[in-house]
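Undergrad: My structure is below; once you've seen it, I'll send some questions.
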Amino acid sequence: NRQIHLVSRPAGEPSADNFKLVEVPVEALAEGEVLVRNHYLSLDPYMRGRMNESKSYAQPQPLNDVMIGGTVGEVVASRNEHFKEGDKVVGMGGWQEYQRVNANQRGVLQKVDTTHIPLSAYLGAVGMPGVTGWYGLVKIINPKAGETVVVSAASGAVGGAVGQLAKARGCRVVGIAGGPAKCEAVVKELGFDACIDYKAHNDVRSLSKALKEACPDGIDGYFENVGGMILDAVMLRANAFSRIAFCGMISGYNGEPIPMTNPSLILVNRMKLEGFIVSEHMEVWPEALKELGGMVATGKFKYRETVADGIAAAPEAFLGLLKGRNFGKQLVKLI
Ligand code: NDP
């Protein structure tokens, strides 16, 4: 069983040296345990925060242990009456090829149906990132038809879900993404009304001007994935009684300062700003997954995946995700 361990903590930008490939034998199963062959590993921006020593909303990733991470795979051996060989499952298997797990612990392993939905989608559109988009949009922004919703990191797993769910609710949807290729795909493939390449703008004024053109009626809802200059520019175009869902601030994940320049606009525009962590809202997952699963199964929901090959490729793929080298959900294919 090949695994990736975190062996040191980064100061600033992480590097491949923070990780180590380790090979260990697969141990025999105890009563109640299940052995899963992981097919795909999910790489997610939150993992950057876990690499730090300091406690955030979650505990740090321990050193010299398997990196935490969501996985999908197939049961290859079982000593648990609820799981049998061949079952497809989603869990938190970590950065490794096999996962030995006590499947009696509630929620640790979920069976999934791959008849109409590909297995990998349970890590993206029909998984944690999809529900994240759903929660911030539906429960915080709560848009009405005809309103304008903006989302940053629009080509990503979360951003793509936000935009398509907002379109399905009759909104005007404007994405913000890095580079012309991503922006073109966000409009042509994901069906957004417009997408702004933030890399083509050097300052808040210029980005805010582009937002004015793309959002002639102002911004009613903003789904924040990035922070910094993008947030400042959106604030300048926010309407009275607009709502911002604070989901991520990836531009500050390596410790960069991300000040907010005009907090007075929150008052002037009577805005609502709310942060959330999707795993603290398990009560909405069934409803969100039902909508997302239905859209994916019927082909209404479009998504891209960037797939790295083999467990050894996971660290580089993760570093790439933090630099925007991914296009849609970043996965590692393990089999
Ligand atoms: P993505 O698939 O969107 O990948 C991350 C993207 O962020 C990159 O592709 C890149 O796109 C963009 N990015 C990276 N650095 C910067 C930067 N400095 N400035 C602007 N954009 C940058 O990841 P996810 O969809 O998985 O996650 C999106 C966000 O949602 C993250 O902030 C994540 O932390 C957050 N999240 C929060 C959760 C919660 O419970 N609150 C749960 C899950 C995710 P580009 O090329 O366009 O720059």
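Residues 5 to 339 (full-length UniProt numbering) make up the sequence shown, in order.
Glycine is no exception: its CB is placed at the ideal position from the N, C-alpha and C atoms.
(1) For the segment 154-214, which segments carrying the alpha helix (DSSP H) assignment without a break, of at least 4 residues, lie completely within its bounds, in sequence order?
(2) Where does Ser-124 sit, in a helix, a strand or coil, going by DSSP?
(3) I think Lys-337 touches Leu-127, with their Cβ atoms under 8 angstroms apart; what is that distance to the nearest whole Å?
(4) Leaving aside the five residues before and after Lys-306 along the sequence, list all residues of the same chain whose C-beta is less than 8 angstroms from its C-beta, in chain order.
(5) Our contact map puts Leu-335 next to Ser-82 with C-beta atoms below 8 angstroms; I'd like the distance itself, whole angstroms only.
(6) With DSSP run on the structure shown, which of helix, strand or coil describes Asp-236?
(7) Closer than 8 angstroms: is that where the CB of Met-132 sits relative to any heavy atom of the ligand NDP?
(8) Quick one: what's got a C-beta closer than 6 angstroms to Arg-176's C-beta in the same chain, skipping five residues either side?
(9) Consult DSSP for Phe-245 and reduce its assignment to one of helix, strand or coil.
(10) How long is the line joining the alpha carbons of Val-116 and Val-282, rounded to whole angstroms?
(11) With a floor of 3 residues, list each beta strand (DSSP E) that falls wholly inside the segment 49-120, ordered by position along the chain.
(12) Can you name the start and end residues of the beta strand (DSSP E) that Thr-310 belongs to?
(13) Give me, in chain order, the residues of the same chain whose beta-carbon lies closer than 6 angstroms to that of Val-190; leave out the 5 immediate sequence neighbours on both sides.
(14) Which residues share a DSSP beta bridge with Phe-227?
(15) Given a cut-off of 9 angstroms on the beta-carbon distance, is the pair Ile-8 and Met-71 in contact?
(16) For Ile-315 versus Gln-100, is the C-beta spacing smaller than 9 angstroms?
(17) Within its chain, find whatever has a CB closer than 6 angstroms to the CB of Lys-276; leave out the 5 residues flanking it on each side and keep chain order.
(18) Quick one: grab the DSSP three-state call for Phe-23.
(19) Spatial neighbours of Glu-320 within its chain, please: C-beta separation below 8 angstroms, excluding the five flanking residues on both sides.
(20) Could you compute how far the alpha carbon of Val-250 sits from the alpha carbon of Ala-237?
(21) DSSP on Gly-268, reduced to helix/strand/coil?
(22) Determine the burial state of Val-239: buried for a count of at least 16 other Cβ atoms within 10 Å of its Cβ, exposed for fewer.
(23) Quick check: does the Cβ of Gly-225 come within less than 8 angstroms of any heavy atom belonging to the ligand NDP?
(24) Taking only three categories from DSSP, how would you classify Glu-278?
(25) Taking 8 angstroms as the cut-off, is the beta-carbon of Ile-254 closer than that to any non-hydrogen atom of the ligand NDP?
(26) Does the segment 288-300 come close enough to the segment 130-141 that 3 or more CB-CB pairs lie under 8 angstroms?
(27) Between Lys-186 and the ligand NDP, is there a pair consisting of the residue's CB and a ligand heavy atom that are separated by less than 8 angstroms?
TA: On the basis of the coordinates in this document:
(1) Considered as a whole, the segment 154-214 harbours 161-172 and 184-192 as its complete alpha helix (DSSP H) runs of no fewer than 4 residues, in chain order.
(2) Within the sequence shown, residue 124 is the residue found at index 120, counting from 1. Here Ser-124 sits in helix by DSSP.
(3) Mapped onto the sequence shown, residue 337 falls at position 333. Mapped onto the sequence shown, residue 127 falls at position 123. The Cβ separation is near 11 angstroms, so there is no contact.
(4) Here the question's residue 306 lines up with position 302 in the sequence shown. Excluding sequence neighbours, Lys-306 sits near Gly-164, Gln-168, Glu-193, Leu-194 and Gly-195.
(5) Start at 1 with the first residue of the sequence shown, and residue 335 comes out as number 331. Start at 1 with the first residue of the sequence shown, and residue 82 comes out as number 78. Their Cβ separation, rounded to whole angstroms, is 25 angstroms, which puts Leu-335 and Ser-82 out of contact at 8 angstroms.
(6) For this step, residue 236 is matched to residue 232 along the sequence shown. In this structure, Asp-236 counts as helix in the three-state DSSP scheme.
(7) Numbered from its first residue, the sequence shown carries residue 132 at position 128. Indeed, a heavy atom of the ligand NDP lies less than 8 angstroms from the Cβ.
(8) Walking along the sequence shown from the start, residue 176 turns up at place 172. Closer than 6 angstroms at the Cβ level, and outside the excluded window around Arg-176, lie Thr-152 and Asp-197.
(9) On the sequence shown, residue 245 is found 241 positions in, with the first residue counted as 1. Per DSSP, reduced to three states, the secondary structure at Phe-245 is strand.
(10) Here residue 116 refers to the residue found at position 112 of the sequence shown. Here residue 282 refers to the residue found at position 278 of the sequence shown. If you take the alpha carbons of Val-116 and Val-282, they lie about 20 angstroms apart.
(11) Counting only runs of 3 or more, we get 75-82, 92-95, 102-106 and 113-115.
(12) The count along the sequence shown starts at 1 and reaches residue 310 at position 306. Start and end: 309-313.
(13) Sequence index remark: in the sequence shown, residue 190 carries index 186 (1-based). Excluding residues within five positions, the ones whose Cβ falls inside 6 angstroms are Ala-158, Ser-159, Gly-179, Ala-181, Phe-196 and Cys-199.
(14) Locating residue 227 in the sequence shown gives position 223, counting from the first residue. Note: Phe-227 sits in a beta bridge opposite Val-155 and Ala-249.
(15) Within the sequence shown, residue 8 is the residue found at index 4, counting from 1. Within the sequence shown, residue 71 is the residue found at index 67, counting from 1. Contact flag set, yes.
(16) If you number the sequence shown from 1, residue 315 lands on position 311. If you number the sequence shown from 1, residue 100 lands on position 96. Yes; because the gap between Cβ atoms is below 9 angstroms, this pair is in contact.
(17) As a first step, residue 276 is located in the sequence shown; it is residue number 272 there, counting from the start. Scanning its chain for C-beta atoms nearer than 6 angstroms, with the 5 sequence neighbours on each side dropped, one finds around Lys-276 the residues Arg-247, in chain order.
(18) As a working note, residue 23 is residue 19 in the sequence shown. In this structure, Phe-23 counts as strand in the three-state DSSP scheme.
(19) Start at 1 with the first residue of the sequence shown, and residue 320 comes out as number 316. Here Glu-320 has Ala-20 and Ala-312 as same chain residues with Cβ atoms under 8 angstroms from its own Cβ, once five neighbours each way along the sequence are excluded.
(20) Taking the first residue of the sequence shown as position 1, residue 250 is located at position 246. Taking the first residue of the sequence shown as position 1, residue 237 is located at position 233. According to the sequence as given, residue 250 is Phe; it is not Val. Whole-angstrom Cα-Cα distance: 15 angstroms.
(21) Residue mapping note: residue 268 aligns to position 264 of the sequence shown, counting from 1. Sequence inspection shows Ser at residue 268; the Gly mentioned does not correspond to that position. Residue state, collapsed to three classes: helix.
(22) Numbered from 1 along the sequence shown, position 235 holds the residue referred to as residue 239. Position check: residue 239 holds Met in this sequence, whereas Val was assumed. Buried, by the Cβ-count rule.
(23) Here the question's residue 225 lines up with position 221 in the sequence shown. Set against 8 angstroms, the gap from the CB of Gly-225 to the closest heavy atom of the ligand NDP is not smaller.
(24) As a working mapping, residue 278 is identified with position 274 in the sequence shown. Of the three classes helix, strand and coil, the one that applies to Glu-278 here is strand, per DSSP.
(25) Numbered from its first residue, the sequence shown carries residue 254 at position 250. Shortest gap from the CB of Ile-254 to any heavy atom of the ligand NDP: under 8 angstroms.
(26) Yes, since at least three Cβ pairs between the segment 130-141 and the segment 288-300 fall closer than 8 angstroms, the two stretches touch.
(27) Translated into the one-based positions of the sequence shown, residue 186 becomes position 182. Taken from the Cβ of Lys-186, at least one heavy atom of the ligand NDP lies inside 8 angstroms.
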